[in-house]
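The working numbering puts the first residue of the sequence shown at 551, with every later residue one more than the last.
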Amino acid sequence: MKSKHKNPRPIKSNGKAAVAIYARVSTRERQEAQNQLRVLREYCRSADLTICAEYCDQASGKSADRPAFRRLMADAAQRRFDIVLFWALDRFSREGAARTLAHLAELTGYGIKFKSYTEQYLDSAGPFADAIIALLAALAKQERIRNSERVVAGLDRARAAGKTLGRPRAADPISGHELYRRYRSTKASYKELGAAVGMSTATVMRRLRPYLDAAQNRQSRRRASTEASRRRPAATAAQRRKPAASTKRGNPG
551 MKSKHKNPRP IKSNGKAAVA IYARVSTRER QEAQNQLRVL REYCRSADLT
601 ICAEYCDQAS GKSADRPAFR RLMADAAQRR FDIVLFWALD RFSREGAART
651 LAHLAELTGY GIKFKSYTEQ YLDSAGPFAD AIIALLAALA KQERIRNSER
701 VVAGLDRARA AGKTLGRPRA ADPISGHELY RRYRSTKASY KELGAAVGMS
751 TATVMRRLRP YLDAAQNRQS RRRASTEASR RRPAATAAQR RKPAASTKRG
801 NPG
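Here it is as structure tokens:
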């Protein structure tokens, strides 16, 4: 990445606003930076503005890691100029609405105004400043929502494909069956058991959960079977021993 920068001077007390010009071209472009600078300089002269600094990057606008851009923002923090003038918003930043808005908000926080030469409405000193900032904020919010949705969709696709997300789990130092046996035999708490076998309390709980659930299910089935046996009508011993009713036959007369 190439950059050119003239050391900024403190704002002059001649009543004129001090302007910092920022120009950027991609690594594939050659002469356009000078074209931008020539037009922006002429604009400042016609508007009776004092140019106190020029910053020029030959780099992609998709990253803020541009030498001249970093110096521009650092000098803005020191209030070395009043206005940042750039050719177009995509020359200032192409990092997306959210990051671009953050850079503009940072300038505003320093008390620095900004202006796009080719986008007359994009002027923080103009009549539509509040509306433009609100629009950029709305676009930034929608961009964040879309990014979040893409991340969630990607995770869902990975899970559906059977991929394990996150860091791979470390091998446990003891089998779940042995851990459950020790839990039953020692009656130790999860924390105590974890300390004894070299596991965290959360890992002990996770490993024991299927065994505890299975034990609870077995106990529930036994309890249900016992209750069913109690409710089932059973023949009493007396009923089982009761002789069948005999039929008396009358003597023939």
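In this text, a Cβ means the ideal position worked out from N, Cα and C, and glycines have one as well.
Item to complete: Indicate whether at least one CB of chain C lies closer than 8 Å to the CB of Val701.
Response: You won't find chain C in this structure, because it holds only one protein chain.
Practice prompt. Mark Ser674 as exposed unless 16 or more other C-beta atoms lie within 10 angstroms of its C-beta, in which case mark it buried.
Written response: buried
Item to complete: Name the one or two DSSP bridge partners that Val634 has.
Response: Ala570 and Phe664
Fill in: For Ile601, the three-state DSSP class (helix, strand or coil)
strand
Fill in: Reference Tyr740; option with closest CA among His727, Arg644 and Arg756
Arg756
Discussion item. Judging by CA-CA distance, which residue of Glu669, Arg649 and Ala583 is the nearest neighbour of Leu689?
Written reply: Out of Glu669, Arg649 and Ala583, Arg649 has the C-alpha closest to the C-alpha of Leu689.
Fill in: Per-residue burial, Ala568 [other beta carbons within 10 Å of its own, 16 or more giving buried]
Ala568 counts as buried, since at least 16 other C-beta atoms from the protein chains shown sit within 10 angstroms of its C-beta.
Worksheet item: What alpha helix (DSSP H) runs, 4 residues minimum, are completely inside the segment 728-764?
Response: Runs of the alpha helix (DSSP H) lying entirely within the segment 728-764, each at least 4 residues long, are 740-747 in chain order.
Fill in: Residues of its chain near Ala774, where Cβ-Cβ distance is below 7 Å and the 5 sequence neighbours each way are ignored
none
Practice prompt. Starting from the C-beta of Glu582, find all residues in its chain whose C-beta is less than 8 Å away, skip the five residues before and the five after it, and write them out in chain order.
Written response: Val575
Worksheet item: Alpha carbon to alpha carbon, what distance is there between Ala711 and Ala570?
Response: 52 Å
Discussion item. On the CB-based measure, 16 or more other CB atoms within 10 Å of its CB, does Val702 come out buried or exposed?
Written reply: exposed
Discussion item. Once DSSP output is grouped into helix, strand and coil, what is the label at Asp615?
Written reply: coil
Worksheet entry | Gln769 in three-state terms, based on DSSP | helix
Worksheet entry | Reduced DSSP secondary structure (H/G/I, E/B, other) of Gln692 | helix
Discussion item. If I follow the unbroken alpha helix (DSSP H) through Arg649, where does it start and stop?
Written reply: Where Arg649 is concerned, the enclosing alpha helix (DSSP H) stretches over Ala647 to Gly659.
Worksheet entry | Segment limits, alpha helix (DSSP H) that includes Ser596 | In the DSSP assignment, Ser596 falls within the unbroken alpha helix (DSSP H) covering Glu582 to Ser596.
Item to complete: Within its chain, find whatever has a CB closer than 6 Å to the CB of Ser779; leave out the 5 residues flanking it on each side and keep chain order.
Response: Spatial neighbours of Ser779 in its own chain (CB-CB distance under 6 Å, excluding positions within 5 residues in sequence) are not present.
Worksheet item: Per DSSP, Asp673 is paired with what?
Response: Lys665
Discussion item. For a test of the three-state rule: what should DSSP assign to Arg644, helix, strand or coil?
Written reply: coil
Worksheet item: By Cβ distance below 7 Å, which residues in the same chain neighbour Ile682 in space, the five residues on each side in sequence not counted?
Response: These residues qualify, in order along the chain: Tyr671 and Leu672.
Discussion item. Are the CB atoms of Asp607 and Ala618 within a distance shorter than 8 Å?
Written reply: yes
Worksheet entry | CB contact flag (Ala684, Leu657, <8 Å) | Going by beta carbons, Ala684 and Leu657 fall outside the 8 Å limit.
Item to complete: Could you tell me if Ile662 is buried or exposed, where buried requires 16 or more neighbouring beta carbons within 10 angstroms of its beta carbon?
Response: buried
Discussion item. For Gly803 and Thr776, I'd like the C-alpha separation in whole angstroms.
Written reply: Bear in mind that a pLDDT of 46 at Gly803, under 50, signals an unreliable position, so the number given afterwards is only what the model happens to contain. Between Gly803 and Thr776, the C-alpha separation is close to 60 Å.
Discussion item. Let me check understanding here. Comparing Cα to Cα, which of Lys713, Ala708, Ala655 and His727 lies closest to Leu762?
Written reply: His727
Worksheet item: If you draw a straight line from the C-alpha of Leu743 to the C-alpha of Arg768, how long is it?
Response: 24 Å
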